[in-house]
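The opening position of the sequence shown corresponds to residue 1196 in the working numbering, with each subsequent residue numbered one higher. We put the CB at the ideal spot given by N, CA and C, even for glycine. Accompanying notes for the structure given below.
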Amino acid sequence: MSILVTGGAGYIGSHTVLSLLEQGYEVVVLDNHSNSSFESLRRVKILTGCDITYYEGDVSNRLLLQNIFSENDIKQVIHFAGLKSVSESVQSPLKYYDNNVMASIVLIQEMIAHNVCELIFSSSATVYGIPESVPLNEDSKIGGTTNPYGTSKLMVEQILRDTAKAYPQLDITILRYFNPAGAHPSGLIGEDPSGVPCNLVPYISQVAVGKLPKLLVYGNDYPTHDGTGVRDYIHVMDLAEGHIAALKHKMAESNCRTYNLGTGKGYSVLDLISAFERQSGKIIPYQFVERRIGDVAECWANPSLSQQALNWTASRSLDDMMRDSWNWQQKNPTGYE
Ligand code: NAD
Ligand code: UFG
1196 MSILVTGGAG YIGSHTVLSL LEQGYEVVVL DNHSNSSFES LRRVKILTGC DITYYEGDVS
1256 NRLLLQNIFS ENDIKQVIHF AGLKSVSESV QSPLKYYDNN VMASIVLIQE MIAHNVCELI
1316 FSSSATVYGI PESVPLNEDS KIGGTTNPYG TSKLMVEQIL RDTAKAYPQL DITILRYFNP
1376 AGAHPSGLIG EDPSGVPCNL VPYISQVAVG KLPKLLVYGN DYPTHDGTGV RDYIHVMDLA
1436 EGHIAALKHK MAESNCRTYN LGTGKGYSVL DLISAFERQS GKIIPYQFVE RRIGDVAECW
1496 ANPSLSQQAL NWTASRSLDD MMRDSWNWQQ KNPTGYE
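Here it is as structure tokens:
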């Protein structure tokens, strides 16, 4: 019996594939490498000593999915594959709706056709839009997303809820990730953004390693403890383990469940800079600039539902995340190249 991991060569996917293999799962990966290389999986194989069945291709390729489901005894699917750049989604909305929404529909149709019933979907805290209050519970208001990327996640969530009602044999878990950071402690796998990073931690890492001159801090006039934006950063290995917990704990009361994967702690941009400096011994030059359009002041999770229902807690600290990000960046200054 195998588990299909779409987008398994990507940042969160590769760390989750590693955790799955360590837990004894047999893994089949489907990835089109639009934002990754096979090198991440080669390194996962080195770390685990396990084989990975691998298909290079697109989730929207129906024929390929039919082959994958026919050639392998797949019981569960974790669907990471998706495009994730907020700014690119504003420039190219159709690309995002096509890749994130249409491809997900093809995947669900083929799962149903092949009687593969268990799905875990990668959603995001972005579905909460501009939070009315924090921390965010799973039943906090969703919607009001400010970009097509966020809207694509919201749409797939709704499609999954509707489909779960129509097909009671399905068993769907929607995981809303907060802000993933860090890397596997080996420093062999990590986040490898293409071009100039948009996200805070890879940006700081590239400043530390000398690839970028300084960090631009978007806004120091938010109503937060130091004026900079506050987020719930979660170690990517905690996130990976959250998927294992979701595979193991099925709640009978509903066939479509949603969980926040966060730590419940909010840290500001300045908190991150300090933690990174502590762990790396480097000074991170930074400059305050205008707020970034679409950013919210603060966003963090109430993780108590996932803790209770999945018996899972994020155990790694902010310092662990910064140490492991720095370790990865130092060992791989040009990523997987
Ligand atoms: P990533 O870009 O590193 O990984 C995504 C992987 O999917 C890549 O390997 C890419 O090549 C592949 N892919 C994309 N579209 C595909 C398609 N149509 N067919 C086959 N493969 C395809 O991103 P990540 O950070 O690992 O994110 C994984 C998932 O988690 C995404 O769905 C993302 O939207 C979601 N998410 C990420 C974050 C974050 O900050 N990293 C936060 C919340 C949610
Ligand atoms: N920030 C800076 N300078 C930078 C980059 C970011 O000051 O160069 C600040 C932002 O203003 C924000 C914080 O750092 O206050 C975090 O920003 P990120 O871009 O790292 O993360 P976001 O919270 O904006 O968004 C991320 C993903 C989204 C996802 C969301 C919730 O990019 O896709 O987390 O999961 F939806």
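So what does residue i bridge to, in DSSP terms?
i	result
Asn1374	Tyr1428
Cys1494	Arg1426
His1438	BP columns for His1438 are empty, so no partner.
Gln1482	Leu1411
Val1351	Bridge partners of Val1351: none, in fact.
Leu1331	Ala1496
Thr1201	Leu1225, His1274
Ile1241	For Ile1241, which the question treats as bridged, DSSP gives no partner whatsoever.
Ser1318	Arg1371
Buried or exposed: residue i, going by 16 or more other Cβ atoms within 10 Å of its Cβ?
i	result
His1228	exposed
Gln1524	buried
Glu1305	buried
Ile1384	buried
Ile1440	First, the residue type needs correcting, since residue 1440 is Ala and not Ile in the sequence shown. Flag for Ala1440 reads buried.
Pro1330	buried
Gly1202	buried
Pro1498	buried
Arg1473	exposed
Ala1447	exposed
Rounded to whole angstroms, what is the Cα-Cα separation between residue i and residue j?
i	j	result
Tyr1291	Val1322	15 Å
Gln1401	Leu1407	6 Å
Leu1465	Thr1419	11 Å
Gly1382	Ser1235	11 Å
Asn1332	Leu1213	29 Å
His1444	Glu1352	20 Å
Asn1415	Thr1423	5 Å
Asp1514	Glu1217	25 Å
Tyr1462	Gly1377	15 Å
Tyr1531	Glu1386	9 Å
Cys1494	Arg1511	19 Å
Arg1487	Thr1529	27 Å
Tyr1250	Pro1343	28 Å
Asp1268	His1379	29 Å
Ser1265	Asn1310	11 Å
Between the options, which has its C-alpha nearest residue i's C-alpha?
i	options	result
Glu1436	Asp1226, Pro1375, Gly1244	Pro1375
Leu1434	Asn1295, Thr1211, Leu1199	Thr1211
Thr1248	Phe1275, Ala1204, Gln1218	Ala1204
Ala1359	Thr1340, Lys1336, Leu1314	Leu1314
Ile1241	Tyr1417, Gly1457, Ser1209	Ser1209
Thr1341	Gly1324, Glu1333, Pro1330	Gly1324
Asp1366	Asn1450, Ile1354, Gly1277	Asn1450
Cys1312	Cys1393, Ser1469, Tyr1462, Ile1198	Ile1198
Ala1276	Phe1264, Asn1267, Ser1284, Asp1253	Asp1253
Thr1458	Ala1496, Leu1442, Val1491	Ala1496
Leu1505	Ala1378, Tyr1454, Val1404	Tyr1454
Arg1371	Ile1399, Ile1429, Pro1397, Tyr1250	Ile1429
Val1491	Gly1244, Val1404, Arg1426, Ser1232	Arg1426
Asp1293	Lys1348, Gly1476, Asp1268, Ser1335	Lys1348
Ala1308	Tyr1220, Gly1345, Leu1258	Leu1258
Ile1300	Pro1288, Gln1286, Phe1316	Phe1316
Lys1477	Thr1508, Gly1489, Met1517	Met1517
Tyr1206	Ser1231, Ile1354, Val1222, Val1200	Ser1231
Ser1393	Val1223, Trp1507, Ser1282, Ile1468	Checking the sequence, you will find Cys at residue 1393 rather than Ser. That would be Ser1282, whose Cα lies nearest to the Cα of Cys1393.
Ile1468	Thr1508, Glu1485, Ala1403	Ala1403
Val1223	Val1396, Gln1271, Asn1256, Lys1460	Gln1271
My output table needs one value for residue i: the three-state DSSP class, helix, strand or coil.
i	result
Phe1264	helix
Asp1387	coil
Ile1337	coil
Ser1510	coil
Asp1519	helix
Asp1226	strand
Lys1443	helix
Ser1231	coil
Phe1275	coil
Arg1533	The question about residue 1533 has no answer here: the residues shown for the chain are numbered 1196 through 1532.
Tyr1323	helix
Ser1469	helix
Thr1211	helix
Ser1381	coil
Ile1369	strand
Tyr1249	strand
Ile1303	helix
Glu1313	strand
Ser1475	helix
Ser1282	helix
Ser1463	strand
Ile1269	strand
Tyr1417	coil
Val1404	coil
Strictly under 7 Å for the Cβ-Cβ distance: is residue i near chain B by that measure?
i	result
Tyr1462	Among the protein chains of the structure shown there is no chain B, as only one such chain exists.
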